Amino acid sequence: MTNIKTRHESGWKNYLIKAEQFLETARDAYFKENWNAVGLNAVHSAISANDALTSYYGKVRSISEKHSDSISLLLEVFKNDKESKSCSRHISWLINRKNLVEYESRLFYEKEAEESLKHADRFLFWAKGKLPK
Numbered sequence: 079m080t081n082i083k084t085r086h087e088s089g090w091k092n093y094l095i096k097a098e099q100f101l102e103t104a105r106d107a108y109f110k111e112n113w114n115a116v117g118l119n120a121v122h123s124a125i126s127a128n129d130a131l132t133s134y135y136g137k138v139r140s141i142s143e144k145h146s147d148s149i150s151l152l153l154e155v156f157k158n159d160k161e162s163k164s165c166s167r168h169i170s171w172l173i174n175r176k177n178l179v180e181y182e183s184r185l186f187y188e189k190e191a192e193e194s195l196k197h198a199d200r201f202l203f204w205a206k207g208k209l210p211k
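The opening position of the sequence shown corresponds to residue 79 in my numbering, with each subsequent residue numbered one higher.
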């Protein structure tokens with residue numbers, strides 16, 4: 079993969095903080111029924127959690143404009159193990175909706191916001207379990 083940036087191991091902590099803050103903001107937006115804000119913050123939470131994982135384990139993070147490349151990098155760093163493949167489905171689901179929630183004119187629906195929150199929460203939970211306390 080050519081679109082990667084070498085990182086120092088300590089950078090992962092900041093990505094994890096961002097992931098937690100984005101997820102907290104998504105939850106707050108959910109209770110305010112701001113479905114678009116839920117969706118976009120859920121996506122950014124997962125992307126930041128992914129960056130934390132790849133920064134910590136691979137000392138790299140994706141800088142590709144295609145967010146799907148960050149999933150490929152995650153799987154590469156974790157050597158395509160079964161658990162990472164399974165958990166990568168959460169970030170993949172979210173990234174597949176990023177364009178819709180961020181750039182299209184259609185508004186995000188409540189059900190989509192609910193699903194986004196669920197996927198972001200599960201991905202961050204998995205990521206935190208893989209990283210030092």
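We put the CB at the ideal spot given by N, CA and C, even for glycine.
Given the structure is predicted, the values throughout are model-derived calculations rather than measurements.
Residues in its own chain within less than 6 Å of His197 by CB, not counting five upstream and five downstream?
His168, Trp171 and Leu172
task: Report buried or exposed for Met79, applying the criterion of at least 16 other Cβ atoms within 10 angstroms of its Cβ.
output: In this prediction, Met79 has a pLDDT of 49, which is less than 50 and means its spatial position is unreliable; nothing more can be read from the coordinates.
- prompt: According to DSSP, which residues form a beta bridge with Lys83?
  reply: Arg139
Can you grab the Cα-Cα spacing for the pair Gly89 / Lys208, in whole Å?
-> Approximately 15 Å, taken between the alpha carbons.
Report task. Give the straight-line distance between the Cα atoms of Ile82 and Tyr134, rounded to the nearest whole angstrom. Result -> 14 Å
- Apart from the five residues just before and just after Leu118, which ones in its own chain have a Cβ nearer than 7 Å to its Cβ? These residues qualify, in order along the chain: Val179 and Glu180.
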